[in-house]
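Peer 1: Got a structure for you, questions after.
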Amino acid sequence: MMPNAFPVALCWFSWLHCVFSSHVAFSNFSLDNEAHSSFIQRRLRSQERREIQREILSILGLPQRPRPLVHTKQNAAPVFMLDLYKTISTNFHGDNKPAAVTRAPPAPLSPQDSHFLDEADTVMSFVNMGEFNPGFKHCQKFKFDLSRIPEGEAITAAEFRVYKDFIHERHENETFIVSIYQVLQRELLLLERRELWASEDGWMVFDLTASSNLWLLNPEHNLGLHLVLEDRHETLGFSKNGCQKHELYVSFRDLGWQDWIIAPEGYAAYYCDGECAFPLNSYMNATNHAIVQTLVHFINPGTVPKPCCAPTQLHGISVLYFDDSSNVILKKYRNMVVRACGCH
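Residues -21 to -1, 1 to 323 (mature numbering (1 follows the signal peptide of the UniProt record, and there is no 0)) are what the sequence shown spells out, left to right.
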């Protein structure tokens, strides 16, 4: 069964690319009177204002001042870019010189994001040019105009960010598959596919660096992106009987532990189950031994049994709780969550 509404919406599309810039200092705005240790200020005349605007736009590499069609300060792109600005400003000024914008803490950056920001001089966010079609609840097409990127610039990284809301109409342990495709002339090219819980909310980040470089060199190939949301059990390419990960949600609240476990209320443990039958598909993550064992079992079933479906990757969780003395403890527990299954 498909969800009642498309629970993800495009929020921003960000490019990081390198440009060359120069540093110019202006003294037009104020005059430092050393004798009185004060500033003499006056209102700029129209001609002076235009000259200063023209010089600053030249430094910024802009032929004219941007005039957005719609002012959407509360949209996700401006908000994210403002957070990014706060982070960069804080890192640039250091502890002794705090950034001017300090109303909210900056968004955390991964080491990879920090590396890209160090390498790039300009960060651009692009607005979706495609029309949102409410008739398509489980798929949407997005299109971005990249003509604003100056000719000859090098793209450091490109990201497609989608924000997912909490799906109240579904069980917390229900899962979905989100797929992002690059639109080609006659088909769709799968770029990435990932699984998510109905209870999850937050940003999903898709790497589009390769696609963006293609679009920059060949604008005629920029036919947009196709985002699809599918129920996990209806996703193509997965065998219903083959070895795979299944849903298992452990609820601490249902166990009556809400009086001592502070967080989380539960966690997705998953479990592995399914057949490891010949031929083993690539998504079954079979070992070489399992492949040989499957082949021998296929030829002579009485000699050896089929391989077993078991976890191939496990992750831990962190739990915040009270101990007997009402002390608050934060502890990490390893190998609590199945991340991948395979045939062994």
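Each residue gets a CB set at the ideal place from its N, CA and C atoms; glycine is no exception. It should be emphasised that the depicted structure is a prediction, and the values quoted were computed from it without experimental measurement.
What residue ranges within the segment 184 to 267 form continuous beta strand (DSSP E) runs of no fewer than 3 residues, ordered along the chain?
Peer 2: Entirely contained in the segment 184 to 267, the beta strand (DSSP E) runs reaching 3 residues are, in chain order, 204 to 210, 223 to 225, 228 to 230, 240 to 242, 245 to 247, 250 to 252.
Peer 1: Would DSSP call Leu168 helix, strand or coil?
Peer 2: Residue state, collapsed to three classes: strand.
Peer 1: Starting from the C-beta of Met315, find all residues in its chain whose C-beta is less than 6 Å away, skip the five residues before and the five after it, and write them out in chain order.
Peer 2: Excluding sequence neighbours, Met315 sits near Gly295, Ile296.
Peer 1: Indicate the three-state DSSP secondary structure (helix, strand or coil) for Leu309 in the structure shown.
Peer 2: Correct three-state label for Leu309: strand.
Peer 1: Could you name the residues of the same chain whose beta carbon sits closer than 6 Å to that of Ser26, not counting the 5 residues immediately before and after it, in chain order?
Peer 2: Residue 26 is actually Gln in this sequence, not Ser. There are no such residues.
Peer 1: Quick check on DSSP: helix, strand or coil for Asp303?
Peer 2: Coil.
Peer 1: Which residues does DSSP list as the beta-bridge partners of Arg318?
Peer 2: The partner list for Arg318 (beta bridge, DSSP) is empty, contrary to what the question assumes.
Peer 1: Can we say the segment 223 to 230 touches the segment 244 to 259, given the rule of at least three CB pairs closer than 8 Å?
Peer 2: Yes, they touch.
Peer 1: Considering only the beta carbon of each residue, do Leu208 and Val157 sit closer than 7 Å?
Peer 2: In contact: Leu208 and Val157 (Cβ atoms closer than 7 Å).
Peer 1: Taking the C-alpha atoms as reference points, what is the distance between Val317 and Lys311?
Peer 2: If I take the Cα positions, the gap works out to 16 Å.
Peer 1: Look at Pro286 and Ala269 and say whether their C-beta atoms are less than 7 Å apart.
Peer 2: Closer than 7 Å, so yes.
Peer 1: By how many angstroms is the C-alpha of Lys65 removed from the C-alpha of His323?
Peer 2: Near 49 Å, if we compare the C-alpha coordinates of Lys65 and His323.
Peer 1: Let's test the definition: count the other Cβ atoms within 10 Å of the Cβ of Gln237 and tell me whether it reaches 16, buried, or not, exposed.
Peer 2: Looking at its Cβ environment, which holds fewer than 16 other Cβ atoms inside 10 Å, Gln237 is exposed.
Peer 1: Leaving out five residues on either side along the sequence, give the residues of the same chain with a beta carbon under 7 Å from the beta carbon of Leu168.
Peer 2: If we look at Leu168 and ignore the five residues flanking it on each side, its Cβ neighbours are Tyr160, Gln161.
Peer 1: Given Thr291, which residues of its chain have a CB within under 7 Å of its CB, disregarding the five upstream and five downstream residues?
Peer 2: If we look at Thr291 and ignore the five residues flanking it on each side, its Cβ neighbours are Asn264, Ala319, Cys320, Gly321.
Peer 1: Quick check on Ser178: does DSSP put it in helix, strand or coil?
Peer 2: The answer is coil: DSSP assigns Ser178 none of H, G, I, E or B.
Peer 1: How would you call Gln164, buried or exposed, if buried means at least 16 neighbouring beta carbons within 10 angstroms?
Peer 2: It counts as exposed.
Peer 1: Give me the Cβ distance between Phe185 and Leu170, rounded to the nearest whole Å; I'm assuming they're in contact under 8 Å.
Peer 2: Indeed they touch by this definition, with Cβ atoms about 7 Å apart.
Peer 1: Going by Cα to Cα distance, which pick from Glu138, Phe231, Ala189, Asn279 is closest to Val106?
Peer 2: If we check each option's Cα against that of Val106, Glu138 comes out closest.
Peer 1: Report the residue from Met108, Ala133, Glu132 whose alpha carbon sits nearest the alpha carbon of Lys122.
Peer 2: When each option's Cα is compared against that of Lys122, the closest is Met108.
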